[in-house]
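The structure appears right after this line, and notes come after that.
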Amino acid sequence: MDIKFQGKRILVTGAGQGIGKDLALRLSKYKAEVIALSKTSEHLKKLLVEDPKIIPVCVNLRDWKATRKAIENVLPIDLLVNNAGVGHVSSFFDATPEDFDLVFDVNVKAIMNVSQVVAKNMIERNVAGSIVNISSQASQAALKDHTIYCSSKGAVDMLTK
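Per numbering that gives the first Met the number 0: the sequence shown = residues 0 to 160.
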């Protein structure tokens, strides 16, 4: 299989650090037009120092409306990588509704929100784009003190299917 990224517009969420940052930099090296989304402007500034061709988008994925507006402003997208994620470590008995909301807002709801905007535009343009959702082995294994995180990644797997 020969995959070419040259000329493709690729949106990577959670691109300010970690896997998302590395992915954004690598895709840019493969001549893709990369749109890097992060909630942290300082992370995006550092990313742009490494590769000024990357297009930064600073938005908090927990804000449904602001996220939709930000994504609509960078359309069209040919490939979406839903990489943003947060973890939370606490015992089952110590987990709070706020912990649950934070993890599910970023790890699950944001995937649905961003994917809806991008997929609808792909359909309107009649293009065969791709959406990749980054999950975790935690979706398949019950990890100690990771109840909320594991549950969110299980939800990502089901949303992807």
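All residues carry an ideal CB built from backbone N, CA and C; glycine is no exception.
- For residue 81, the enclosing beta strand (DSSP E) starts and ends at 78-81.
- DSSP, read as helix, strand or coil, puts residue 95 in coil.
- Residue 13 is a Cβ neighbour of residue 83, given a cutoff of 8 Å.
- Going by DSSP, residue 10 is part of the beta strand (DSSP E) stretching over 8-12.
- Ranked by Cα distance from residue 85, the first of 160, 4, 151 and 158 is 151.
- Here residue 55 is bridged, per DSSP, to 35.
- Note on residue 121: 16 or more other CB atoms within 10 angstroms of its CB, so buried under the neighbour-count rule.
- With a contact defined as Cβ atoms closer than 8 Å, residue 158 and residue 111 qualify at about 6 Å.
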